[in-house]
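S.K.: Submitted below is the structure of interest, expressed as structure tokens.
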Amino acid sequence: LFAASSLTTFGLGYAFIAWRHGSTAAEQGVTRPFGRDVLLGLVAAPVLLLPVFLMQMVLQKVVGESEHPIILLLTEHPDPLFFVTAGILAVGVAPLAEEFFFRVWLQGWLENLTRAWLLRRSTGAMPAGMSEFLIAGRGDGRLRDESPLLVSTSDSVDELPAPELTQRVPERASQSTPDEPQRANPWFASMAEPASEQMSYPLNPGAVEPLGVFVKWIPISLSSLFFALAHWGNGPDPLPLFFLALGLGYLYHQTHRALPGIVVHAICNGISLLILWLTVYNPGS
Numbered sequence: 006l007f008a009a010s011s012l013t014t015f016g017l018g019y020a021f022i023a024w025r026h027g028s029t030a031a032e033q034g035v036t037r038p039f040g041r042d043v044l045l046g047l048v049a050a051p052v053l054l055l056p057v058f059l060m061q062m063v064l065q066k067v068v069g070e071s072e073h074p075i076i077l078l079l080t081e082h083p084d085p086l087f088f089v090t091a092g093i094l095a096v097g098v099a100p101l102a103e104e105f106f107f108r109v110w111l112q113g114w115l116e117n118l119t120r121a122w123l124l125r126r127s128t129g130a131m132p133a134g135m136s137e138f139l140i141a142g143r144g145d146g147r148l149r150d151e152s153p154l155l156v157s158t159s160d161s162v163d164e165l166p167a168p169e170l171t172q173r174v175p176e177r178a179s180q181s182t183p184d185e186p187q188r189a190n191p192w193f194a195s196m197a198e199p200a201s202e203q204m205s206y207p208l209n210p211g212a213v214e215p216l217g218v219f220v221k222w223i224p225i226s227l228s229s230l231f232f233a234l235a236h237w238g239n240g241p242d243p244l245p246l247f248f249l250a251l252g253l254g255y256l257y258h259q260t261h262r263a264l265p266g267i268v269v270h271a272i273c274n275g276i277s278l279l280i281l282w283l284t285v286y287n288p289g290s
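Everything in the sequence shown is counted per our numbering, starting at 6 for the first residue and increasing by one.
This is the structure we're talking about:
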């Protein structure tokens, strides 16, 4: 039932964003080649998971064992068939749904909100059509790769240059390629618009640190906090999961691709399920 509801919610959310904002698969973090994203996830997994599992081991010694409902149920009723069902849920459904909910959609929206704040601080202006900007990352016109903010490495908001007026040429974000991860975000989708003199907002998430070294951690930290709170009540789990979410959020911020995080998340849940299996069926291992 939980798996069905999660997949249904994910499917409806994905379809709604695609329908309402014209977002392509690439703009929702799904880009080719998939093999490269899987490899990135496999490389990132040991880097992110080793400290998380070490922290979890220490917390279980100090605070107590995890109280996750699935873990408690598998411990009390170690049915092999139920283990298989739980494996499908933990390794397949949960990583897919949670990475889209917390990284692609929530963190993507928070990144737009942060950029709106930066624009306000640096220029005193706000994007025209604020609600549309926060939902789809659209200001008055298309984003320009040559915009000054997109190549700025300054951490100071006060040093950010003001946006400039430019003649826009209509184009569609669907023409983006897999080598343009900056467009793989549903909140940065953009539809064709008539050419006119419009303000160009430098909001491209794949540019060189457009949010600054410190500011970029605001959306990452907030989405990670919500991710940890979603697991509240499971014993010591929220704390290590918060730090795992920080790593997953940073990974998504750097690539704006969903698959690497899904791979890391699936490996994490798979290892946890394997440890539980060994504990239940071979306590001495």
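No residue lacks a Cβ here, since even glycine has one placed at the ideal position from N, Cα and C.
In this text, all values refer to a predicted model and were calculated from it rather than measured experimentally.
Do the CB positions of L281 and I76 come within less than 9 Å of each other?
M.R.: Counting from one through the sequence shown, the residue named residue 281 turns up at place 276. Counting from one through the sequence shown, the residue named residue 76 turns up at place 71. Yes, these two residues count as a Cβ contact at 9 Å.
S.K.: Please list the terminal residues of the continuous alpha helix (DSSP H) segment that includes L64.
M.R.: The count along the sequence shown starts at 1 and reaches residue 64 at position 59. Taken as a continuous stretch (DSSP letters only), the alpha helix (DSSP H) holding L64 covers 39-67.
S.K.: Rounded to whole angstroms, how far is the Cβ of H270 from the Cβ of P100, which I believe are closer than 8 Å?
M.R.: To locate residue 270, count along the sequence shown from 1; it is residue 265. To locate residue 100, count along the sequence shown from 1; it is residue 95. Correct: roughly 4 Å between the Cβ atoms.
S.K.: In chain order, what are the residue ranges of uninterrupted alpha helix (DSSP H) at least 4 long that sit wholly in the segment 74-107?
M.R.: Here the runs fully enclosed are 74-81, 85-92, 99-103.
S.K.: Please look up how many angstroms separate the CB atoms of P243 and V68, rounded, as I've assumed it's under 8 Å.
M.R.: For the purposes of this step, residue 243 is taken as residue 238 along the sequence shown, with counting starting at 1. For the purposes of this step, residue 68 is taken as residue 63 along the sequence shown, with counting starting at 1. In fact, because the Cβ distance is near 11 Å, the residues do not count as touching under 8 Å.
S.K.: Out of curiosity, what's the CA-to-CA distance linking I276 and I225?
M.R.: The residue given as residue 276 occupies position 271 in the sequence shown. The residue given as residue 225 occupies position 220 in the sequence shown. In a straight line, the C-alpha of I276 is about 24 Å away from that of I225.
S.K.: Looking at F248 and S228, is the spacing between their C-beta atoms short of 9 Å?
M.R.: The residue given as residue 228 occupies position 223 in the sequence shown. The residue given as residue 248 occupies position 243 in the sequence shown. No, they are not a contact pair.
S.K.: Counting Cβ pairs, one atom from each stretch, are 3 or more of them under 8 Å apart for the segment 80-90 and the segment 251-268?
M.R.: Segments in contact, no.
S.K.: Taking one C-beta from the segment 260-268 and one from the segment 32-52 each time, how about it: are there three or more such pairs within less than 8 Å?
M.R.: Yes, they touch.
S.K.: For a test of the three-state rule: what should DSSP assign to N239, helix, strand or coil?
M.R.: Within the sequence shown, residue 239 is the residue found at index 234, counting from 1. Three-state result, N239: coil.
S.K.: How about L79 and V285: are their beta carbons less than 9 Å apart?
M.R.: By 1-based counting over the sequence shown, the position of residue 79 is 74. By 1-based counting over the sequence shown, the position of residue 285 is 280. Going by C-beta atoms, L79 is nearer than 9 Å to V285.
S.K.: Excluding the five sequence neighbours on either side, which residues of its own chain have a C-beta within less than 8 Å of the C-beta of F105, listed in chain order?
M.R.: The residue you call residue 105 lines up with position 100 of the sequence shown. Taken in chain order, the residues that qualify are F15, G18, Y19, Q33, G34, A263.
S.K.: What is the DSSP secondary structure of F15, counted as helix, strand or coil?
M.R.: As a working mapping, residue 15 is identified with position 10 in the sequence shown. Helix at F15.
S.K.: State the start and end residues of the unbroken alpha helix (DSSP H) segment that holds F231.
M.R.: Counting from one through the sequence shown, the residue named residue 231 turns up at place 226. Looking at the DSSP string, the run of the alpha helix (DSSP H) that includes F231 is 222-234.
S.K.: Can you tell me which of F231, L54, S71, L279 puts its alpha carbon nearest to the alpha carbon of E103?
M.R.: Position 98 of the sequence shown, counted from the start, is the residue given in the question as residue 103. For the residues F231, L54, S71, L279, the minimum Cα distance to E103 belongs to F231.
S.K.: Quick check on the burial criterion: 16 or more other C-beta atoms within 10 angstroms. Buried or exposed for P245?
M.R.: Residue 245 sits at position 240 when you count from the first residue of the sequence shown. It counts as buried.
S.K.: Going by DSSP in three states, V285 sits in which element: helix, strand or coil?
M.R.: Here the question's residue 285 lines up with position 280 in the sequence shown. Of the three classes helix, strand and coil, the one that applies to V285 here is helix, per DSSP.
S.K.: Just verifying my parser: in three-state terms, what is the DSSP assignment at H270?
M.R.: Within the sequence shown, residue 270 is the residue found at index 265, counting from 1. If DSSP states are grouped into helix, strand and coil, H270 belongs with the helices.
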